[in-house]
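J.: Chains as they are written, first to last, in this note's numbering: chain U, 18 to 231; chain Y, 18 to 231.
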């Protein structure tokens, strides 16, 4: 398809597509002659992902480039490739390793992983930005006087593990490894707000059931 | 306690406390003489909540004021008071009611609530900003070519319902209604990022278990 059709089918303006091409977020089309290039379904799929990251997930262009680099790197094992793409997304700021509250939060997260039996994440530990951001959050809550201990977090973590199993089951229905990683990235960015909205809605439902609507 | 001690115990600077007092986010202390006021444990608790909202939740001051107005309004029933406080938090933008994709998303969310048997939220419907923001998110995903149907969302919603039951069980361990609403608000703001981090960590764990770490 030509640029105009790619724009029409993706809902992204031709000016924005040209910008993504210049930034290297989208691979160039197949050049037909000096002024015309041809695009295929893979371009359309990638364009949707770029738009999801930038327009909905508000991921900065530099991060999006980093994410896509890992999506496309088929020299990596799947866990690392998935992890690297996820890790390139914007994260909560890193904890300050020096102060005593962070050290206590670190111990609490470690205890949580022990209770859960999550040996792999425990092994990866602070190497993972996700792990570090959980430590930073637990430290922030402690500092505000809302302690968040391993026993409180554990049942929530089990629920999230159930959600993660569904996420990966869904991902595995896709054929190519590139598509799998794309799905993982887009769901990280797009599905998290849905999950949060479902949580808030569930609180409303449960609250109405327990205390009535009036 | 005096202002200096309130600052010390809360970790909030005296300048910031004075700003919160001026903005009406914190009730004035008991005036002892022309220049000195006395504060109590309730001030300390409220100060932690204000700081959680503004510094961690990045809730704008105007929204925080609105939230606290509902926290303090004991003329309201508990569901309404909880809901009003939650509704005053920043939400995803409202859906555009006119366009066909939003209408389809609206129908999908309605079908979801039917499957779940969430009669109360179905009844409240578009009156709730949480409900409207779920519709807007489903519409945004549809527009990006990632359809998000009722059957896909339902099991996630059940997991979030389990989380919501725990949230309310925890809330009910507090004594006064004001404290209950405060806990609901602070957990909405502070615990949501923890839940998201647990979800991402669970994805890492599950991914490592299925595909190995290398």
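Using N, Cα and C, we set each Cβ at its ideal position, and we do this for glycine too.
1. Checking the sheet assignment: what are the DSSP bridge partners for residue 242 (chain U)?
2. How is the alpha helix (DSSP H) around residue 145 (chain Y) delimited, first residue to last?
3. Please state whether the Cβ-Cβ distance between residue 212 (chain Y) and residue 173 (chain U) is less than 8 Å.
4. Residue 178 (chain U) CB to nearest chain Y CB: under 8 Å?
5. What separation, rounded to the nearest whole angstrom, lies between the Cα atoms of residue 205 (chain U) and residue 22 (chain Y)?
6. Taking C-alpha atoms, which residue in U:33, U:46, U:183 lies nearest to residue 216 (chain Y)?
7. Which bits of chain Y does residue 96 (chain U) rub up against, with CB to CB less than 7 Å?
8. Select from the segment 121 to 134 of chain U all residues with a C-beta closer than 7 Å to any C-beta belonging to chain Y, and list them in chain order.
9. Whose C-alpha, out of Y:32, Y:223, Y:201, Y:125, is nearest the C-alpha of residue 181 (chain U)?
10. Would you kindly report the start and end of the unbroken alpha helix (DSSP H) that includes residue 225 (chain U)?
11. Using a beta-carbon distance cut-off of less than 7 Å, what residues from the segment 23 to 50 of chain U approach chain Y?
12. Tell me, please, whether the segment 136 to 143 of chain Y touches the segment 192 to 204 of chain U by the rule of three or more beta-carbon pairs shorter than 8 Å.
13. So, for residue 27 (chain U): in the same chain, excluding its five sequence neighbours on each side, which residues have a beta-carbon less than 8 Å away from its beta-carbon?
14. Does the beta carbon of residue 18 (chain Y) sit closer than 8 Å to a beta carbon anywhere in chain U?
15. Measure the Cβ-Cβ separation of residue 106 (chain Y) and residue 126 (chain Y) and say whether it is below 8 Å.
16. Report back the beta-carbon spacing between residue 56 (chain Y) and residue 41 (chain Y) to the nearest angstrom; my notes put them in contact at under 8 Å.
17. Can you pull out the residues from the segment 68 to 83 of chain Y whose beta carbon lies closer than 9 Å to at least one beta carbon of chain U?
18. Does the separation of the CB atoms of residue 228 (chain Y) and residue 96 (chain U) fall below 8 Å?
19. Residues in the segment 162 to 191 of chain Y with C-beta within 7 Å of chain A's C-beta atoms, listed in sequence order?
20. Looking only at its own chain, which residues have a Cβ that is under 7 Å from the Cβ of residue 36 (chain U), when we skip the five neighbours before and after it?
21. Expressed to the nearest angstrom, what Euclidean distance is found between the alpha-carbon atoms of residue 18 (chain Y) and residue 200 (chain U)?
22. Helix, strand or coil: how does DSSP classify residue 117 (chain Y) here?
23. Determine which residues of the segment 205 to 217 of chain U have a Cβ less than 9 Å from any Cβ of chain Y, and write them out in chain order.
24. Count the other C-beta atoms from every protein chain shown that fall within 10 angstroms of the C-beta of residue 48 (chain U), then say buried if there are 16 or more, exposed otherwise.
25. Roughly how many angstroms separate the alpha carbons of residue 73 (chain Y) and residue 156 (chain U), rounded to a whole number?
T.: Checking against the coordinates, here is how it stands:
1. In the structure as shown, chain U begins at 18 and stops at 231. Residue 242 (chain U) is therefore absent and cannot be evaluated.
2. From DSSP, residue 145 (chain Y) is part of no alpha helix (DSSP H); its letter is neither H nor E.
3. yes
4. yes
5. Each residue's Cα considered, the two are about 43 Å apart.
6. U:183
7. 224, 225, 228, 229, 230
8. Answer set for the segment 121 to 134 of chain U: empty.
9. Y:223
10. 194 to 228
11. Per Cβ criterion, the list reads 28.
12. no
13. 34, 61, 64, 65, 68
14. Output row for residue 18 (chain Y): interface = no.
15. No Cβ-Cβ contact shorter than 8 Å links residue 106 (chain Y) with residue 126 (chain Y).
16. Rounded, the Cβ-Cβ distance is 16 Å, inconsistent with contact.
17. 68, 69, 72, 73
18. yes
19. The question asks about chain A, but that chain is absent: this structure's protein chains are U and Y.
20. none
21. 55 Å
22. helix
23. 205, 207, 208, 209, 210, 211, 212, 213, 214, 215, 216, 217
24. exposed
25. 12 Å
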